[in-house]
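Before any comments, here is the structure.
Residue numbers (our numbering): 109 to 415.
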């Protein structure tokens, strides 16, 4: 594994503090880093936790799992799985659960992974390169309408139809698209206007990555699983970088943080809430200045109730 691609962990102290601060009695429990990445949050958590604690990580990226092998702390273990598998943990067994969504800098900066239009490489974008269909494979056979829907729904791209038609025309003329540069140039030709400072291919690459990895569906599954695996008083901390992800997290916490009354039985006791919202945190100006990729990050924190 090439370790020349570095990763700066976003909201490192804030996320770890969300799970550990003012909780001395909880530091010997079981904690989960549901998206190990390059292990920044995991390593900091291990510094904070008690000797009897356990820290379980999940990641479906084989390179992340290889990086995790460098951690020799006996309290730590990793599963080569996506975080949709959180539900496999015992009910009410987790004291603190962290999800750091999206992709890591080493994934973006490695041309072989195909995540970025800034480098020429194979059009892959799979988080787990050991299974599933690459973006190139999917684009080779997908219907034009389906391509447009994915780019529109997951990238919020208003030129989705034009991009999809350009992809289809290219397939008809010269065969499938196989590299990131080919796709970026094709999109640039189809997108007539773009926000200042943003590459025309930004939204398309984002949409295809989210779709091919089923990121939003997996997030929904992981959040639902959190209600099962968190113990009463257990903390949930989620860092989102994209509006679609943050909207899901925000709505999930809001839905489970309010009492629900049955209108058909107005005098019945309300359904007890399962979470208590604890707040939202954004990166400081200093962090954004030092790591521009952190600028869109939002950390949302909640606590499992006794229900």
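Ideal placement from N, C-alpha and C gives every residue a C-beta, glycine not left out. This one's a predicted model, so the numbers in the text were calculated from it and none came from an experiment.
From the DSSP output, in three-state form, read off residue 412 for me. strand
Residue 248 beta carbon less than 8 Å from that of residue 284: yes
Going by DSSP, what residues sit across from residue 206 in a beta bridge? 141 and 345
Look up residue 164 in the DSSP assignment and say whether it is helix, strand or coil. strand
Secondary structure at residue 258, three-state DSSP: helix, strand or coil? helix
Could you check the C-alpha separation between residue 157 and residue 127 for me, to the nearest Å? 10 Å
I'd like the list of long-range same chain contacts for residue 173, defined as Cβ closer than 7 Å, with 5 residues on each side in sequence excluded. 167, 186 and 188
Spell out a yes or no on whether the region 266 to 282 and the region 356 to 366 are touching, meaning 3 or more CB-CB pairs, one atom from each, closer than 8 Å. no
Note down, in chain order, each residue of its chain lying with its Cβ closer than 6 Å to the Cβ of residue 313, except the 5 sequence neighbours on either side. 225
Report all residues from its chain with a CB closer than 6 Å to the CB of residue 138; omit the five preceding and five following residues, and keep chain order. 162, 201, 202 and 203
Comparing alpha-carbon positions, which option in 345, 299, 231 and 398 lies nearest residue 287? 231
How would you label residue 393, buried or exposed, when you count the other beta carbons within 10 angstroms and need 16 or more for buried? exposed
Can you give me the C-alpha to C-alpha distance between residue 131 and residue 342, rounded to a whole angstrom? 10 Å
Taking C-beta to C-beta, are residue 316 and residue 258 nearer than 8 Å? yes
Can you check whether the CB of residue 385 is closer than 8 Å to the CB of residue 415? no
Neighbourhood of residue 326 by C-beta, 7 Å cutoff - its chain only, sequence neighbours within 5 removed: 190, 191 and 192
Anyone know if the C-beta pair for residue 142 and residue 330 falls short of 8 Å? yes
Can you give me the C-alpha to C-alpha distance between residue 222 and residue 233, rounded to a whole angstrom? 5 Å
Residue 391: buried (16+ other C-beta within 10 angstroms of its C-beta) or exposed? buried
Tell me where the alpha helix (DSSP H) around residue 398 begins and ends. 393 to 398
State yes or no: is the C-beta of residue 380 within less than 8 Å of the C-beta of residue 413? yes
So within the region 297 to 335, which uninterrupted alpha helix (DSSP H) runs reach at least 4 residues, ignoring any that extend past its ends? 310 to 320
Alpha carbon to alpha carbon, how far is residue 308 from residue 228? Give it in angstroms, no decimals. 16 Å
Look at the alpha carbon of residue 207 and the alpha carbon of residue 289, and state the distance between them as a whole number of angstroms. 31 Å
Leaving out five residues before and five after residue 260 in sequence, what residues of the same chain have Cβ atoms less than 6 Å from its Cβ? 268
Beta-carbon separation of residue 241 and residue 320 under 8 Å? yes
Cβ-Cβ distance between residue 294 and residue 278 below 8 Å: yes
Mapping DSSP to helix, strand and coil, what is residue 186? strand
Distance, residue 350 Cα to residue 403 Cα: 11 Å
Run of the alpha helix (DSSP H) containing residue 247, from where it starts to where it stops: 243 to 249
On the DSSP bridge assignment, give the partners of residue 389 in chain order. 407
Taking a contact to mean a Cβ-Cβ separation below 8 Å, would you say residue 169 touches residue 236 in this structure? yes
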